[in-house]
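So the sequence lines, in the order shown, correspond to chains A and B. Residue numbering for the first sequence follows the working numbering, starting at 339 and increasing by one per position. Residue numbering for the second sequence follows the working numbering, starting at 414 and increasing by one per position. Each residue gets a CB set at the ideal place from its N, CA and C atoms; glycine is no exception. What you are looking at is a predicted structure, and each value in this text was computed from that prediction instead of being measured. Read the structure below first, then the notes.
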Amino acid sequence: KTTFEGHQVLRITAQDAAQINLLKELSEQQHLGLDLWMEPVHESLPVDVRVPFNSLQAVRSFLGYNHIQYRVMIEDVQDLLDEEQRHMLKSHV
Amino acid sequence: IPRTTDDFDYANYHELSTINSFMDMLVAENNNLISKIVIGQSYEGRPLNVLKFSTGANRPGIWIDTGIHAREWITPASGIWFAKKIVNDYGRDSVLTDILNNYDIFLEIVTNPDGYQFTHTSNRMWRKTRKPNPGSSCVGVDPNRNWDTGFGGPGASGNPCDETYHGPSPNSEPEIKAIVDFVKSHGNLKTFLSIHSYSQMLLYPYGYKSTPAKDQAELHELARKATAELQSLHNTRYTYGSIITTIYQADGVTIDWTYDQGIKYSYTFELRDTGRYGFVLPADQILPTAEETWLALMVIMEHTKNNPY
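Okay, here's the thing in structure tokens:
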């Protein structure tokens, strides 16, 4: 079963078209294993991306280096999934 | 195990078998109003069940589907609630009664059952179908890029490992082919509503080109009314517009195909992300999401009834 320990979801707010282009470049880095929940399209729309634990450092560095604002929307995806599972089991019981 | 659909837990997420049992129960309780149609089989052989709400023969139809992207659990959860809502309101709510006295409603609650099952057993974040791709270790196709309008354009991926992989050919996925065959054989659908999550948007064609749809003005105004009604319940703010102008170019998407088949009122919903949990929206969000979405669905369905074409 695929688990998501340490995966975080970042909500990224681009300030201009140049930052959107940088985020598009980032999203094309296959080795990072990013899962874009909301893709970089326009600075008026946020970008939500699930970042595997092993890629967190690289992604955060990239965002920091390029002065792209972000915040952590979900600290640990697996925690939420475990909570969801507990909730479902409880309801079944 | 609930004995009737009155006892069903609408405020929780459920596995596929439970949803199928719910549908059978609802049909059994309301066999004068609802029948279950199996429009095909998924790649892994699961039935593609559609609930048909009908009060007479040879009616035009309204289609609603939920759960085409497997991980968007909030959508089948809302679909279950819609089904019960239709039963509860028929004969009580004059607008819905009037709609159902003139139109059939078709509701496919789990449009991608293989994917849904996979999210419950193997990978909660799975989005695509589960058909293997020859020559690739990556499985599945994005069912919202597999339709035969703008298929294979730049607003989809040709890489089987990508989340937006369009598949080897239009309608290559049996889950899509089944709907295509149904739409063509029915021949008289007037509204097609495909429900996704999240990001709070109501979108109309086109996704594959920037040329406005010929009914753009009407579709835009109806979207405005529908989202205003939706917002009136819990102040959930939606944006609306054509896919390509509101989000991005998307090729081979459901509603571009249905619109070009002549189904004027073709819309895609992206449900709420209040709480900002994305695809792991807490179960306590199910009822508010379904309730507010229903208001928008009613606006579109009523408009369909009042504006025959």
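Chain-ordered chain B contacts of residue i [CB-CB under 8 Å]
| i | result |
| --- | --- |
| K339(A) | T534, S535, N536 |
Three-state secondary structure (DSSP) of residue i
| i | result |
| --- | --- |
| P526(B) | helix |
| L684(B) | strand |
| F605(B) | strand |
| G568(B) | coil |
| T648(B) | Before going further, note that residue 648(B) is Asn rather than Thr in the sequence given. Coil at N648(B), not helix or strand. |
| S535(B) | coil |
| K590(B) | helix |
| V500(B) | helix |
| Q353(A) | coil |
| S598(B) | helix |
| W494(B) | helix |
| T702(B) | helix |
| K362(A) | helix |
Neighbouring residues, chain A, relative to residue i (Cβ below 8 Å)
| i | result |
| --- | --- |
| D422(B) | S429 |
| N425(B) | H425, M426, S429 |
| V693(B) | I412, V415, L418, L419, E422 |
| R416(B) | Neighbours of R416(B) on chain A: none; closest Cβ ~15 Å, over 8 Å. |
Nearest-angstrom Cα separation, counted from residue j out to residue i
| i | j | result |
| --- | --- | --- |
| P545(B) | H579(B) | 13 Å |
| C574(B) | E363(A) | 17 Å |
| I668(B) | D478(B) | 11 Å |
| D511(B) | H599(B) | 21 Å |
| L464(B) | L361(A) | 42 Å |
| E435(A) | E442(B) | The shown model of chain A, from 339 to 431, leaves out residue 435(A), and the question about it has no answer. |
| E704(B) | P625(B) | 31 Å |
| T341(A) | A483(B) | 17 Å |
| G548(B) | P581(B) | 11 Å |
| P721(B) | P390(A) | 50 Å |
| L446(B) | S365(A) | 48 Å |
Where residue i meets chain A, residues with beta-carbon distance less than 7 Å
| i | result |
| --- | --- |
| R685(B) | Within chain A, no residue comes near R685(B); the closest Cβ sits about 13 Å away, beyond 7 Å. |
| G566(B) | In chain order: nothing, as chain A lies at least about 16 Å away. |
| Y578(B) | Here the premise fails: no neighbours, minimum Cβ distance about 13 Å. |
| S612(B) | M376 |
Chain-ordered neighbours of residue i on chain A, where CB pairs are closer than 9 Å
| i | result |
| --- | --- |
| A696(B) | E422, H425, M426, S429 |
| Y690(B) | V347, M411, I412, L418 |
Distance between beta carbons of residue j and residue i, contact taken as under 8 Å
| i | j | result |
| --- | --- | --- |
| D386(A) | M411(A) | 6 Å |
| P556(B) | I481(B) | 5 Å |
| Y423(B) | I493(B) | 6 Å |
Problem set entry | Chain-ordered residues of the segment 650–664 of chain B with a beta carbon less than 8 Å from chain A | Listed in sequence order: I660, Y661.
Exercise. If contact means a Cβ-Cβ distance below 7 Å, which residues of the segment 479–512 of chain B contact chain A?
Worked result: none
Problem set entry | Members of the segment 376–395 of chain A near chain B, C-beta cut-off 8 Å | M376, E377, V379, L383, D386, R388
For this session: Could you list the residues in the segment 339–368 of chain A with a C-beta less than 8 Å from some C-beta on chain B, going in chain order?
Result: K339, T340, F342, V347, R349, Q368
For this session: Anything in the segment 549–566 of chain B with a Cβ closer than 8 Å to a Cβ of chain A? List those residues in chain order, please.
Result: Closer than 8 Å at the C-beta level to chain A, one finds no residue of the segment 549–566 of chain B.
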